[in-house]
Every structure is written in structure tokens, then in C-alpha cells.
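Trainee:
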Amino acid sequence: DSLSVHQLAAQGEIAKLDEHICKDDSLLSKQDERGFTPLMWAAAFGEVATVTYLLEKGADPRVLARERESALSLASSGGYTDIVNTLLKHHVEINTYDWNGGTPLLYAVRGNHVKCVESLLGRGADLTMEADSGYSPMDLAVALGHKKVQQAIETHILNL
Amino acid sequence: TQLSLYTSPSLPNITLGLPAT
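Dropping the structure here:
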């Protein structure tokens, strides 16, 4: 009972989360000290059903945390393609950049998450946005030796 | 029983310790 809505979201505890939110619906958009919402916590920990539940309750998927992290960048970094696709269907901004110059696509590439990369490219993610370190998604895939990601980017460019 | 708590979400640095290309 002492868990915060953020912890409950991260753990996928939908029933307990629902109890809290039914009592106080402001908890749906409550940001923790770093600006993360329950939706961001659920997205970061791959809790697909919780993400869907929070969106159905009306959670705003476009909120950015203090350092401009988004639910989409967190899901992309973790390689949670189902969550990435769900968020994209809710028309989130696909090319947000954060303190790191990181975009969802750059995080998906960094994590070697091929399916995420394909989803993001299919939805029009910008291949030219570089991280603060100067790496474009392609540079990063090459530098890290992520050959399948590299191939996915090349296939996408050829299809343009 | 002790509660297991998740640590705050974080995103990795996009650097490799190499000069940017």
C-alpha cells in the first residue's frame, strides 16, 4: 500500500493503480521529482498492459520529463516495440530530443532493437537528427557494430 | 517482507568515448 503510483506503474500493478486513480484522478498525470509520469515508468519497464490502461484512462503520452525524456524514448531504449507502436498510434511526437540530443530512434539503435528501429522508421522518424556526441542513427549503428540495425536503416533509405 | 522498488527510469549516454564522426 505504500508504493507510489510510479512504482505501481513500473510493476504493472493495474488493479492497485486503478484504486488510487479512481480515488484521485490527478495521480494519472503526477510527475515524480525528475518529471516522470506513471505512463513513463510503465513504458520504461515494458509494462504493455499498464501503458494501455493508463492511456485509456486519459494519461497524456506527450508529456516530457525535466530533461526532456519521453515515454517513447524510454520504451525505445528498452526495446519495447509493442509500447512504441501503441504510443505512436496516440500521435506522440516521434522526434523529441533530450539532454543527450537523444531521439527515440537513436536510443533504439543504441540498444540494438531492430524491430523498434523499423517501427520508428516506418512512422517517419528523422534519420538525420544527431545526438550531442555527433552520431547520426547510421553512424551509431556502424560504430556499435549493430549490423541488423544498419541493414534496417539501409533498407528504409532504399525504399524512400 | 521487504518491498522491491524499481529504480528511476534512465536513458543511456549516446557516446562511445570516441570522437564524433
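Top to bottom, those sequences are chains R and E. The first sequence: position 127 = 180 (this note's numbering), numbered continuously. The second sequence: position 4 = 8 (this note's numbering), numbered continuously. Quick reminder that beta carbons are idealized off the backbone N, C-alpha and C, glycines included.
Show which residues of chain E have a CB atom less than 7 Å away from the CB atom of R:M93.
Mentor: Here the neighbours are P13.
Trainee: What are the residues in the segment 117-134 of chain R lying within 8 Å of chain E by C-beta distance?
Mentor: Within the segment 117-134 of chain R, the residues whose Cβ lies closer than 8 Å to some Cβ of chain E are E122, S126, L127, S130, listed in chain order.
Trainee: Looking only at C-alpha atoms, which of R:D179, R:E122, R:R119, R:I136 sits nearest to R:C228?
Mentor: Residue numbering for chain R in the displayed model covers 54 to 213; residue 228 of chain R lies beyond these limits and cannot be assessed.
Trainee: What is the rounded straight-line gap between the Cα of R:S55 and the Cα of R:H209?
Mentor: Rounded to the nearest angstrom, the two C-alpha atoms are 47 Å apart.
Trainee: Quick one: using the 10 Å Cβ neighbour count with 16 as the cut-off for buried, is E:S8 buried or exposed?
Mentor: Counting Cβ neighbours within 10 Å, E:S8 comes out exposed, since fewer than 16 surround it.
Trainee: Give the residues from the segment 74-108 of chain R that approach chain E closer than 7 Å (Cβ to any Cβ), ordered along the chain.
Mentor: Per Cβ criterion, the list reads R87, F89, M93, W94, A97, F98.
Trainee: According to DSSP, is R:T181 part of a helix, a strand, or is it coil?
Mentor: Note: R:T181 maps to coil in three-state DSSP.
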